[in-house]
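Just add 32 to the spot in the sequence shown (first one is 1) and you have our numbering.
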Amino acid sequence: MLVSAKEMLDKAKAGHYAVGQFNINNLEWTKAILQTAQELNSPVILGVSEGAGKYMTGYKTVVGMVNGMLEEMNITVPVALHLDHGSYEACYKCIEAGFSSIMFDGSHYPIDENVAKTKELVAAAHEKGISIEAEVGAIGGEEDGVVGMGECADPKECKMIADLGIDFLAAGIGNIHGKYPANWQGLSFETLDAIQQLTGEMPLVLHGGTGIPEDMIKKAISLGVSKINVNTECQLSFAAATREYIEAGKDQVGKGFDPRKLLAPGAQAIKDTVKAKMEMFGSVGKA
Ligand code: 13P
Numbered sequence: 033m034l035v036s037a038k039e040m041l042d043k044a045k046a047g048h049y050a051v052g053q054f055n056i057n058n059l060e061w062t063k064a065i066l067q068t069a070q071e072l073n074s075p076v077i078l079g080v081s082e083g084a085g086k087y088m089t090g091y092k093t094v095v096g097m098v099n100g101m102l103e104e105m106n107i108t109v110p111v112a113l114h115l116d117h118g119s120y121e122a123c124y125k126c127i128e129a130g131f132s133s134i135m136f137d138g139s140h141y142p143i144d145e146n147v148a149k150t151k152e153l154v155a156a157a158h159e160k161g162i163s164i165e166a167e168v169g170a171i172g173g174e175e176d177g178v179v180g181m182g183e184c185a186d187p188k189e190c191k192m193i194a195d196l197g198i199d200f201l202a203a204g205i206g207n208i209h210g211k212y213p214a215n216w217q218g219l220s221f222e223t224l225d226a227i228q229q230l231t232g233e234m235p236l237v238l239h240g241g242t243g244i245p246e247d248m249i250k251k252a253i254s255l256g257v258s259k260i261n262v263n264t265e266c267q268l269s270f271a272a273a274t275r276e277y278i279e280a281g282k283d284q285v286g287k288g289f290d291p292r293k294l295l296a297p298g299a300q301a302i303k304d305t306v307k308a309k310m311e312m313f314g315s316v317g318k319a
């Protein structure tokens, strides 16, 4: 059964480790991530962006697929199904469809509007036992068409949003989605420290987990980060393994064209990536 992400993240914050959110795109992704979490006895959060939701034909399909897998694969570790960077409308759709967690990304609204909409969604989510993440300070990156430096959130605004009853908070600390540019300045630990001092027990979320060096990940966890989002890195490792298979001509040998064979190296690559991240984040054995 899907669970809200609140309890697993409160535990992570208290235990000084982080739970990974791995974004899913299809059945292979979902299966690979769930298998790895179960093998490592780790809690896990499956992230679904609006685009990925649309690609998989809609949120209800995603809920059906994930719930089916939890049962058929005998998954016993805590699993949350989380809307990633949701608009106001998408949040309501996911609450209806059966997600166990949502993120409302109101970071592009003026702070007053972000506050009003977040407050309303907190009530709607909590009424159904669903956890909710909010964001302060836009997290840039390749997704916006331009590779921009990540913003640093205003700690006072973070406190204002944290006080609305959300369950965890994403705050920009110089992180961006996608690959980091060569001239990236690194995470702003001063900002993170100031945010944690004002927000206290609130689990903090680090987006853009792809390519952040291990020492920065560890320091971020020590300063209150309890959820780390990883998307691009699984896509890169899936693509590389699939390329290798095709370039080696393996699809032309025997039944190598069978999608169950063709997609197997990519699925294994996702498993390897997820395992490495769970070990780095310290969530192994914490289910
Ligand atoms: P990356 O694609 O950089 O790993 O970021 C993932 C993310 O933050 C999803 O919200």
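Note that the Cβ used here is the ideal one computed from N, Cα and C, for glycine as well.
Proximal residues to residue i (C-beta, below 6 Å), its chain only, five neighbours per side dropped
{"i": "Leu-72", "result": "Met-310 and Val-316"}
{"i": "Pro-297", "result": "Ala-273 and Tyr-277"}
{"i": "Asn-146", "result": "Gly-138"}
{"i": "Gln-70", "result": "Ile-107 and Val-109"}
{"i": "Thr-223", "result": "Cys-184 and Ile-205"}
{"i": "Ile-143", "result": "Glu-189"}
{"i": "Glu-82", "result": "Ala-122"}
{"i": "Ala-196", "result": "Reading off the sequence, residue 196 comes out as Leu, not Ala. Thr-150, Lys-151 and Val-154, listed in sequence order."}
Nonlocal neighbours in the same chain, by C-beta distance under 7 Å from residue i, ignoring five residues either side
{"i": "Phe-221", "result": "Lys-251 and Leu-255"}
Whether residue i touches residue j by CB criterion (8 Å)
{"i": "Ser-258", "j": "Val-76", "result": "no"}
{"i": "Tyr-91", "j": "Lys-125", "result": "yes"}
{"i": "Ala-113", "j": "Phe-136", "result": "One detail in the question is off: residue 113 reads as Leu in this sequence, not Ala. No, they are not a contact pair."}
{"i": "Glu-165", "j": "Ile-198", "result": "yes"}
{"i": "Thr-305", "j": "Ser-269", "result": "yes"}
{"i": "Ser-119", "j": "Ile-162", "result": "no"}
{"i": "Thr-242", "j": "Asn-263", "result": "yes"}
{"i": "Asn-207", "j": "His-158", "result": "no"}
beta-carbon residue i near the ligand 13P non-hydrogen atom, thresh 7 Å
{"i": "Gly-83", "result": "no"}
{"i": "His-209", "result": "yes"}
{"i": "Asn-261", "result": "yes"}
{"i": "Thr-242", "result": "yes"}
{"i": "Thr-264", "result": "yes"}
{"i": "Gly-182", "result": "no"}
{"i": "His-117", "result": "yes"}
{"i": "His-48", "result": "no"}
{"i": "Gly-79", "result": "yes"}
{"i": "His-239", "result": "yes"}
{"i": "Asn-55", "result": "yes"}
Cβ distance (whole Å) where residue i is taken to contact residue j below 8 Å
{"i": "Gly-314", "j": "Ile-253", "result": "7 Å"}
{"i": "Ala-84", "j": "Ile-56", "result": "7 Å"}
{"i": "Leu-78", "j": "Val-98", "result": "6 Å"}
Cutoff 8 Å; reference residue i; Cβ partners in own chain excluding five residues on either side
{"i": "Ala-271", "result": "Gly-298"}
Minimum Cβ-Cβ distance from residue i to chain C less than 8 Å
{"i": "Thr-108", "result": "In the structure shown, chain C does not exist; there is a single protein chain."}
To test your reading of the DSSP string, which unbroken beta strand (DSSP E) runs of 3 or more residues are found completely within the region 123-202?
133-136 and 163-168
In chain order, which beta strand (DSSP E) runs of at least 3 residues are fully inside the region 258-317?
none
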